[in-house]
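Residue numbers (our numbering), protein chains in the order written: chain A, 1 to 188; chain B, 189 to 376. A short worksheet on the structure shown next.
There are 2 protein chains.
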Amino acid sequence: MPAHETVRPKRSDATRAAILSAARERFAADGYERATIRAIAADAGIDPAMVMRYYGSKDRLFAAAAEFDLRLPDVATIPRSRLGVTLVGHFLDRWEGDETMLALLRAAVTNESAAEKMRAIFATQVGPAAVRLGHPPAQARTRAGLIATQMLGLALCRYVLRLPPIVAMSRQDLVTWLGPTVQRYLTR
Amino acid sequence: MPAHETVRPKRSDATRAAILSAARERFAADGYERATIRAIAADAGIDPAMVMRYYGSKDRLFAAAAEFDLRLPDVATIPRSRLGVTLVGHFLDRWEGDETMLALLRAAVTNESAAEKMRAIFATQVGPAAVRLGHPPAQARTRAGLIATQMLGLALCRYVLRLPPIVAMSRQDLVTWLGPTVQRYLTR
DNA sequence: CCAGAAAGTCAACGCTTGTTGGCAAACAAG
DNA sequence: CTTGTTTGCCAACAAGCGTTGACTTTCTGG
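This is the structure in structure tokens:
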């Protein structure tokens with residue numbers, strides 16, 4: 001197989017993608033243990049055995065389905081005074097457009113490898129942003145953690161627990177209320 | 189049985205208590221579905237059938253084990269400027285001394301009746317506190333929800349996900365950082 | 001001391017789960 | 001057309017689950 005040619009898409013790619021998409025949905029809706037391979041396979045319209053063939057085990061399927069990048073903007077390009085509101089808005093966009101984060105959050109509560117993935121996201125994606133703002137590394141890690149408490153708490157209350165007052169709030173309301181909090185955690 | 193006499197403690201009360209205590213531990217450590225009746229019974233040193241006899245079903249056992257009262261102090265007696273730090277300290281005390289809240293949080297992510305219980309706690313215990321501070325009811329509910337995002341987010345990161353920077357922080361650090369946030373959510 | 005109730009044990013049920021191996025159909029290459 | 005490989009389905013497994021009913025042991029009131 002010549003390396004310079006584009007690899008021809010395999011016939012099974014569509015199935016793989018269908019499995020991954022169904023898996024994200026189920027993990028997001030039900031959490032790790034209640035999302036069954038059989039249900040995921042049924043959603044994808046294929047046999048449970050195919051899930052095993054392509055992903056090996058439920059654990060590895062979850063690992064593949066929960067790959068997530070926050071895609072944080074470069075904080076250096078954001079006006080200092082608008083850091084908080086911008087980031088809160090970005091988190092909301094990133095979560096509502098893709099249920100991967102919800103799957104990860106629901107699973108992380110009872111699954112250790114999912115929890116580890118969540119820790120890695122804040123350590124490797126939010127932490128460096130705080131460093132770029134001029135904070136020493138140790139302090140940057142703390143600030144990233146504080147942002148996690150507020151933003152994951154928001155996700156928990158709005159999407160998982162569905163607290164009525166939080167569900168009722170508009171995107172703008174949330175940005176207005178939580179923006180200053182994140183601003184303070186990031187800039188003192 | 190004369191009503192004026194104290195009811196003699198039944199012989200089974202110790203067992204009932206042991207089951208409840210083991211159940212709280214397991215639900216807190218493993219979440220609702222991974223905490224098995226068999227494991228709870230083993231921890232309590234009795235047969236799984238006893239759990240069924242005394243609590244009827246796993247659902248009802250959980251309901252009994254997750255009864256929780258925040259025991260919020262009367263906000264009217266707290267100096268206005270210290271409301272935030274006082275409440276954050278109180279939440280921390282209430283959570284570290286009793287794993288019921290952790291059991292409830294872990295279970296609420298995948299169990300609807302646990303989620304309902306969590307919603308009720310903030311609606312009936314935190315909401316009224318905001319009303320007592322002079323806010324109109326609708327606004328008080330919103331404020332209680334905002335406090336939930338921050339305090340449940342803290343519990344999630346510190347006790348469930350175990351984010352290292354949040355685990356490393358002292359009680360005093362947390363009060364200092366989160367106090368002003370809760371203060372703002374409560375007093376504008 | 002004795003009958004009846006309470007407390008506790010034991011073995012099993014029906015069901016669901018992740019996972020496996022064998023076999024049929026569809027495709028690709030010669 | 002004939003191979004060999006890829007893709008897929010089917011049936012079954014071993015294990016674990018919540019739950020049940022029959023049985024034995026322990027206590028208690030008269």
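For every residue, glycine included, the Cβ atom is placed at its ideal position computed from N, Cα and C.
Shortest Cα-Cα distance from Pro236(B) to any of Pro368(B), Arg329(B), Ala211(B) involves Ala211(B). Distance from the CA atom of Asn299(B) to the CA atom of Leu152(A), rounded to whole angstroms, is 19 angstroms.
The C-alpha of Ala107(A) is placed about 21 angstroms away from the C-alpha of Ile225(B).
In terms of beta-carbon proximity, Arg329(B) lines the interface with chain A, with at least one pair separated by less than 8 angstroms. Burial state of Thr337(B) is buried, judged by a 10 Å Cβ sphere holding 16 or more other Cβ atoms. Residue-level contact check: Glu255(B) does not touch chain A, since none of the beta carbons of chain A fall below 8 angstroms from its beta carbon.
Selection Thr265(B), Ala229(B), Leu258(B) evaluated against Leu249(B) yields Ala229(B) as nearest (Cα-Cα). Under the criterion of beta carbons closer than 8 angstroms, Arg158(A) and Ile166(A) qualify as touching, at roughly 5 angstroms.
Chain order gives the chain A residues near Ala296(B) as Leu161, where near means a beta carbon separation below 7 angstroms. For Leu20(A), same chain residues with a beta-carbon under 7 angstroms away, outside a window of 5 residues either side, are Ala64, Ala65 in chain order.
For Phe122(A), the neighbours in chain B by C-beta distance under 8 angstroms run, in chain order, Leu351. Within the stretch 80-110 of chain A, there are no complete beta strand (DSSP E) runs of at least 3 residues.
Shown here for Arg204(B): same chain residues with a beta carbon closer than 6 angstroms to its own, the five before and five after excluded, namely Tyr242 in chain order. Of all alpha-carbon atoms in Thr187(A), Glu25(A), Phe122(A), the one lying nearest the alpha-carbon of Leu133(A) is that of Thr187(A). No Cβ of chain A is located within less than 8 angstroms of the beta carbon of Gln371(B). Approximately 18 angstroms separates the beta-carbon atoms of Leu349(B) and Arg94(A); this is outside 8 angstroms, ruling out the contact.
Nearest CB-CB separation between Ala148(A) and chain B: below the 8 angstroms threshold.
Excluding the 5 residues flanking it on each side, Ala291(B) has same chain C-beta neighbours closer than 7 angstroms at Arg212, Phe215, Ala216, Ala253, Ala254, in chain order. Asp247(B): member of the alpha helix (DSSP H) spanning 246-253, first to last residue. DSSP, reduced to helix, strand and coil, places Ser170(A) outside both helices and strands of the structure shown, so it counts as coil. Annotation: the continuous alpha helix (DSSP H) that includes Gln139(A) extends over 137-155. At a C-beta separation below 8 angstroms, Ile19(A) has no neighbours in chain B, since its nearest C-beta there lies roughly 22 angstroms away. Leaving aside the five residues that flank Gln183(A) on each side, the residues in its chain whose CB is nearer than 7 angstroms to its CB run, in chain order, Leu83, Gly84. Burial state of Arg329(B) is buried, judged by a 10 Å Cβ sphere holding 16 or more other Cβ atoms.
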